[in-house]
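Right, one structure below, let's go through it.
Residue numbers (the numbering used here), protein chains in the order written: chain F, 1 to 188; chain E, 189 to 422.
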């Protein structure tokens with residue numbers, strides 16, 4: 001994406017947010033369509049559970065709906081959105097800890113489902129990556145989930161997690177190195 | 189930590205634009221791993237997006253949730269409305285009981301003028317004036333402090349009502365004329381007796397209902413109803 005295109009998209013996004021704030025349901029729907037998958041991917045990566053990830057995704061957009069009036073135009077909407085998602089994920093972890101539930105990695109189970117040989121190999125590979133990701137430290141999972149699954153820039157991740165952009169770059173690098181190590185240095 | 193600033197930036201760039209990245213070495217490997225991680229996350233359940241969208245828009249269509257600024261605005265509007273209500277209603281209510289010589293009497297007169305101005309029927313106008321006359325007569329009986337001014341105003345009201353009734357025929361006009369005569373007799377009696385306090389007299393009590401009007405309403409809401417208009421009215 002060129003810089004001009006990125007700026008144009010930013011302008012479009014700002015206009016969309018302004019319309020949604022003014023009560024335009026069409027604009028709100030567009031915002032949902034635009035970011036829903038990224039939020040869901042981030043939540044799935046963090047929770048390892050598609051069902052709970054759906055809950056978090058819904059809660060995130062409910063939070064957007066409630067908070068739009070307080071959102072300050074001109075600030076980074078994506079960072080704001082993912083900050084809400086980040087908090088909802090944290091809430092889920094707290095609730096999960098209270099219930100002392102055994103973590104169920106549905107991503108891994110789904111990835112190892114049966115199929116033709118190539119598909120099985122690919123599924124095994126995805127399961128391996130998902131398993132290695134689950135073994136990373138929570139803060140590393142958070143940074144990679146926001147950066148890779150949520151599609152935020154390093155600057156946006158920095159706003160969400162309250163670190164400097166440089167610290168995020170270091171953290172994502174370290175996390176990917178650890179991920180590779182977890183996989184037994186078998187990166188293809 | 190590798191600590192290599194260039195490596196960090198190269199990896200960051202590769203993560204930003206994986207398809208266009210020309211990363212090499214470690215950055216390329218790590219970016220590829222990130223792409224695998226992206227692919228490892230299962231797709232959302234079928235229909236989840238549509239359900240979520242519908243739920244979101246349904247929530248947006250519900251009565252607006254009041255955020256703090258909105259709540260504050262509403263509270264301000266309510267306080268202002270309450271203050272206005274107090275500012276208008278309290279003097280009006282007090283004016284409804286105002287007597288000649290009191291500070292609120294002019295307000296009551298103004299209210300009565302408005303009410304009379306809205307009433308085209310002469311019989312109804314006479315009825316409103318007689319309501320005021322009856323109130324003044326009652327007050328003159330009960331309170332000596334305003335008696336003199338009250339009695340004078342009462343007489344004015346009765347005379348204005350009789351002038352408005354003139355030679356009009358009909359049961360409504362006849363009833364109002366009889367009521368005016370009763371009030372006048374009561375007024376004369378009170379003036380003669382020196383205004384002793386006493387039982388019900390003419391113009392007091394049940395004789396206040398009249399054409400198209402509720403007696404109690406007229407009396408209770410006298411601040412805006414009865415007629416103490418100036419000379420020349422009618």
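We put the beta carbon where it would ideally sit given N, CA and C, even for glycine.
Since we're looking at a predicted model, the values are computed, not measured.
| Item | Value |
| --- | --- |
| Buried or exposed: residue 200 (chain E), going by 16 or more other Cβ atoms within 10 Å of its Cβ? | buried |
| Any Cβ of chain F within less than 8 angstroms of the Cβ of residue 229 (chain E)? | yes |
| In this structure, how does DSSP classify residue 229 (chain E) when only helix, strand and coil are distinguished? | coil |
| Rounded to the nearest angstrom, how far is the Cβ of residue 160 (chain F) from that of residue 79 (chain F), given a contact under 8 angstroms? | 6 angstroms |
| Classify residue 181 (chain F): buried if its beta carbon has 16 or more other beta carbons within 10 angstroms, exposed otherwise. | exposed |
| Do residue 145 (chain F) and residue 169 (chain F) have their CB atoms nearer than 8 angstroms? | no |
| Can you give the beta carbon distance from residue 297 (chain E) to residue 318 (chain E), rounded, assuming they're within the 8 angstroms contact cut? | 16 angstroms between Cβ atoms; not a contact. |
| Does residue 146 (chain F) have its Cβ less than 8 angstroms from a Cβ in chain E? | no |
| DSSP state of residue 395 (chain E), grouped into three classes? | Note that residue 395 (chain E) scores 37 on pLDDT, short of 50, meaning its location in the model is unreliable; the coordinates nonetheless yield the value given after this. The answer is helix: DSSP assigns residue 395 (chain E) an H, G or I state. |
| If you draw a straight line from the C-alpha of residue 218 (chain E) to the C-alpha of residue 177 (chain F), how long is it? | 7 angstroms |
| Residues of chain F with CB under 7 angstroms from residue 234 (chain E), in chain order? | Under the 7 angstroms cutoff, chain F gives no residues; its nearest Cβ is about 11 angstroms from residue 234 (chain E). |
| Is the CB of residue 249 (chain E) under 8 angstroms away from at least one CB in chain F? | yes |
| Would residue 53 (chain F) pass as a contact of residue 44 (chain F) if the rule is Cβ separation under 8 angstroms? | yes |
| Using a Cβ-Cβ cut-off of less than 7 angstroms, give me the residues of the region 310-343 of chain E that come near chain F, in sequence order. | none |
| Would you mind working out which of F:32, F:23, F:140 and F:47 sits nearest residue 91 (chain F), comparing C-alpha positions? | F:47 |
| Can you tell me whether residue 9 (chain F) is buried or exposed, with buried defined as 16 or more other CB within 10 angstroms of its CB? | exposed |
| With residue 349 (chain E) and residue 314 (chain E) assumed to form a contact (beta carbons below 8 angstroms), what rounded beta-carbon distance in angstroms separates them? | 4 angstroms |
| On the DSSP letters alone, give me the boundaries of the alpha helix (DSSP H) that residue 73 (chain F) sits inside. | Note, residue 73 (chain F): premise wrong, no alpha helix (DSSP H); not H, not E. |
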